[in-house]
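Residue numbers (the working numbering), protein chains in the order written: chain A, 1 to 188; chain B, 1001 to 1018.
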Amino acid sequence: DPDSVIKHPLQNSWAMWFFKNDKTRDWKDNLRVITTFDTVEDFWGLYNHTLPASKLQSGCDYSVFKAGIQPMWEDAQNKKGGRWLINLNKSQRQPHLDDLWLETLLCLIGEGFDEYSDDICGATVNIRTKGDKLGLWTRDASRNDATRKIGIKLKESLNVPPKIVIGFQAHSDTAGKAGSTVKNRFTV
Amino acid sequence: GTRIVYDRSRLMQLRNSP
Chain A
1 DPDSVIKHPL
11 QNSWAMWFFK
21 NDKTRDWKDN
31 LRVITTFDTV
41 EDFWGLYNHT
51 LPASKLQSGC
61 DYSVFKAGIQ
71 PMWEDAQNKK
81 GGRWLINLNK
91 SQRQPHLDDL
101 WLETLLCLIG
111 EGFDEYSDDI
121 CGATVNIRTK
131 GDKLGLWTRD
141 ASRNDATRKI
151 GIKLKESLNV
161 PPKIVIGFQA
171 HSDTAGKAGS
181 TVKNRFTV
Chain B
1001 GTRIVYDRSR
1011 LMQLRNSP
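Structure (C-alpha cells):
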C-alpha cells in the first residue's frame, strides 16, 4: 500500500502561526510560526498535536498561510487583498468553530478553490470573547470574479446556511478602522 | 504543471492511514 510509505505532497508549502495577545510586548513579537508543512501527513501530524481553536484563550489566533506570506495585511502579498469573513456568535464556538476551521484548512491545503487557488493567501481564526471570527484571505481584492467564486465555494464547503450572508472586505478598507464600520465589497 | 489537488474525503482518509 503506497499510502503507508510515501508522504503525499501538497501543491504549496504552508506555515502555521500562533498569535497570543500579550500587551506588554510589541504586536509583531506576539506572532510566531509554529511550523511549516508541505505534505498531507505532516499537516495531520500538526493538526492532531495542536490545541483545538476552541480551547485557545481569548485574544489568540491561529493562521495558516502559504510559506513566505505573513498573516498580516501589511505583507506585500496581502496588501492589495482582502478577506472573506465569517462572524460567529458566542454560542457557536463549542458546536461549530473547530469544524469550520478544519474545513477551511482542508480547502486550503487541498487546493479546493480550483483555478482560483492561486488567489488564496491563507486563513485565520480569531478567538474573541465578543465572538470568534474566521477569515479567508485572498491576494487581490480587485479580482471580482475570483473573489466571488472563492466566497461561494467557501460558503458551500463550510455548509453555511443560505440565509446567512458572508461578506468580503478589502484590507485597504479595513486598515485602521473598527470592524463594524468596514463595508463589504461582496457578499454571498 | 498540474495542480496537486485533494478533496475532503481523500484528506480525511489520509488522516487515518498509518
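C-beta: ideal position from N, C-alpha, C; glycine also.
Note that the structure is a prediction, hence the values are computed from the model and not measured.
Of the listed residues the options, nearest to residue i (C-alpha basis)
{"i": "Ile152/A", "options": "Leu46/A, Lys133/A, Cys107/A and His49/A", "result": "Cys107/A"}
{"i": "Ile166/A", "options": "Leu97/A, Lys133/A and Lys28/A", "result": "Lys133/A"}
{"i": "Asp140/A", "options": "Lys80/A, Ile6/A, Tyr47/A and Ala53/A", "result": "Lys80/A"}
{"i": "Thr1002/B", "options": "Thr50/A, Asp114/A, Asn89/A and Thr24/A", "result": "Asp114/A"}
{"i": "Trp137/A", "options": "Lys177/A, Asp22/A and Ser117/A", "result": "Ser117/A"}
{"i": "Val160/A", "options": "Glu103/A, Thr35/A and Val40/A", "result": "Glu103/A"}
{"i": "Asn78/A", "options": "Pro162/A, Asp26/A, Ser142/A and Val40/A", "result": "Ser142/A"}
{"i": "Arg93/A", "options": "Pro162/A, Ile164/A and Lys55/A", "result": "Lys55/A"}
{"i": "Ser1017/B", "options": "Val5/A, Arg25/A, Ser58/A and Leu51/A", "result": "Val5/A"}
{"i": "Val188/A", "options": "Asp75/A, Lys28/A and Pro162/A", "result": "Pro162/A"}
{"i": "Phe75/A", "options": "Lys28/A, Pro95/A and Leu158/A", "result": "The residue you asked about is not Phe; residue 75/A is Asp in the sequence shown. Answer by Cα proximity: Lys28/A."}
{"i": "Leu1011/B", "options": "Gly45/A, Thr24/A and Arg32/A", "result": "Gly45/A"}
Contact belief for residue i with residue j at Cβ below 8 angstroms, rounded distance in angstroms
{"i": "Tyr62/A", "j": "Phe18/A", "result": "6 angstroms"}
{"i": "Lys20/A", "j": "Cys60/A", "result": "5 angstroms"}
{"i": "Gly131/A", "j": "Leu88/A", "result": "6 angstroms"}
{"i": "Asn30/A", "j": "Asp38/A", "result": "Rounded, the Cβ-Cβ distance is 26 angstroms, inconsistent with contact."}
{"i": "Glu156/A", "j": "Leu1014/B", "result": "Not quite, the Cβ-Cβ distance comes to about 22 angstroms (not below 8 angstroms), so this is no contact."}
7 angstroms Cβ shell around residue i - same chain, five flanking residues per side excluded
{"i": "Ala53/A", "result": "Tyr62, Leu97, Asp98, Trp101, Val125 and Ile127"}
{"i": "Arg185/A", "result": "Gly82, Ala141, Phe168, Gln169 and Ala170"}
{"i": "Arg32/A", "result": "Trp17 and Phe18"}
Contact set for residue i: own chain, Cβ-Cβ below 8 angstroms, skip 5 residues either direction
{"i": "Leu105/A", "result": "Phe43, Tyr47, Val64 and Ala123"}
{"i": "Val182/A", "result": "Gln169, Asp173 and Thr174"}
{"i": "Trp14/A", "result": "Thr36, Phe37, Asp38, Phe43, Val64, Phe65, Lys66, Ala67, Leu108, Ile109 and Gly122"}
{"i": "Ile198/A", "result": "No answer is possible for residue 198/A: the residues shown for chain A start at 1 and end at 188."}
{"i": "Leu51/A", "result": "none"}
Own chain residues within Cβ distance below 6 angstroms of residue i, not counting five before or after
{"i": "Ile34/A", "result": "Met16 and Phe18"}
{"i": "Thr129/A", "result": "Ser58"}
{"i": "Leu154/A", "result": "Trp84 and Leu136"}
{"i": "Leu158/A", "result": "Leu100 and Glu103"}
{"i": "Ser1009/B", "result": "none"}
*Taking a Cβ distance cut-off of 8 angstroms, strictly less, list which residues of the segment 49-63 of chain A are near chain B, in chain order.*
none
*Chain-ordered residues of the segment 16-47 of chain A with a beta carbon less than 9 angstroms from chain B*: Val40, Glu41, Phe43, Trp44 and Tyr47
*Should the segment 107-125 of chain A be regarded as contacting the segment 4-24 of chain A, the criterion being three or more beta carbon pairs within less than 8 angstroms?*
yes
*Hey, is the segment 134-147 of chain A in contact with the segment 69-85 of chain A, meaning 3+ C-beta pairs nearer than 8 angstroms?*
yes
*Any contact of the segment 116-135 of chain A with the segment 64-79 of chain A, i.e. 3+ C-beta pairs under 8 angstroms?*
yes
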